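Residue numbers (the working numbering): 21 to 160.
As C-alpha cells, the structure follows; a few thoughts come after it.
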Amino acid sequence: MYYYSEKTNAFYPVELKQNYIASGSLPDDIIEVSDDIYQEYAANSTPEGKYRIAGENGLPEWTDIPPLTKEELKQYAENKKQQLIIKASEQIAPLQDAVDLGMATKEEETVLLVWKKYRVMLNRVDISQAPDIEWPEQPK
Numbered sequence: 021m022y023y024y025s026e027k028t029n030a031f032y033p034v035e036l037k038q039n040y041i042a043s044g045s046l047p048d049d050i051i052e053v054s055d056d057i058y059q060e061y062a063a064n065s066t067p068e069g070k071y072r073i074a075g076e077n078g079l080p081e082w083t084d085i086p087p088l089t090k091e092e093l094k095q096y097a098e099n100k101k102q103q104l105i106i107k108a109s110e111q112i113a114p115l116q117d118a119v120d121l122g123m124a125t126k127e128e129e130t131v132l133l134v135w136k137k138y139r140v141m142l143n144r145v146d147i148s149q150a151p152d153i154e155w156p157e158q159p160k
C-alpha cells in the first residue's frame with residue numbers, strides 16, 4: 021500500500037511512514053491509495069503526451085502536456101542550429117587543414133566545399149519561423 025500527497029504529487033510507501041515522520045518529510049495531506057492507483061500512476065510508464073497531476077478529487081490523474089510556447093520553439097531551434105553548425109565545423113576543420121597544407125585530394129576539396137555551403141545555409145536559418153523551419157540537408 022501507498023500514501024499519496026496532493027501537495028507533492030508523490031507516493032509514499034506505507035511501510036516507510038515512520039521514517040518520513042522522523043525526517044519531517046511526510047506531507048500533512050497524505051491519503052492511502054490502492055496498489056492499482058500506484059501501479060497506474062507511478063510504477064508503469066507515463067502515457068505518451070501526458071504527465072501526472074493531482075486531480076481535483078485529491079488523487080493522481082493524467083493530463084495533456086501543454087504545447088511548447090513560441091519562445092520555447094525558438095530556443096529549441098536555436099539549440100539545434102548551433103549543434104548542427106558545430107558538427108559541420110568538426111567536419112570542415114580537418115578538410116580545411118588538408119587544403120591549407122596543400123595535401124588535399126580533389127575529393128577532399130569537393131567535400132570541403134559541400135560542408136562549407138551547408139554551414140552557410142545553416143547560418144541563414146531564421147529561427148523566428150520555428151517550428152516551421154526548412155533545415156538544409158546535411159551532407160552525406
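Glycine included, each C-beta is placed from N, C-alpha and C at the ideal position.
On a predicted model such as this, the values are computed, not experimentally measured, just so you know.
- Around the C-beta of P80, 16 or more other C-beta atoms lie within 10 Å, and the residue is accordingly described as buried.
- For the pair D49 and S65, the CB atoms are not nearer than the 9 angstroms cut-off.
- A straight line joining the alpha-carbon of D84 with that of P159 spans about 37 angstroms.
- At the C-beta level, W135 and L115 come within 9 angstroms of one another.
- Just so you know, the alpha carbons of E52 and K70 end up roughly 24 angstroms apart.
- Per DSSP, I85 is not a residue of any beta strand (DSSP E), being assigned neither H nor E.
- Straight-line spacing of the CA atoms in F31 and P86 works out to 24 angstroms.
- Of the residues L46, Q38, K101, I73, the one whose Cα lies closest to the Cα of R144 is K101.
- Under the three-state reduction of DSSP output, E52 falls in the strand class.
- Counting the other Cβ atoms within 10 Å of the Cβ of L121 gives fewer than 16, which makes it exposed.
- Nearest Cα to N99 within the set P67, N29, I112, S148: S148.
- Of I57, P33, T125, the smallest CA-CA separation from L46 is found for P33.
- Taking all protein chains in view, the Cβ of A97 is crowded by 16 or more other Cβ atoms within 10 Å, so the residue is classified as buried.
- Taking the C-beta atoms as reference points, K37 is found no nearer than 9 angstroms to Y58.
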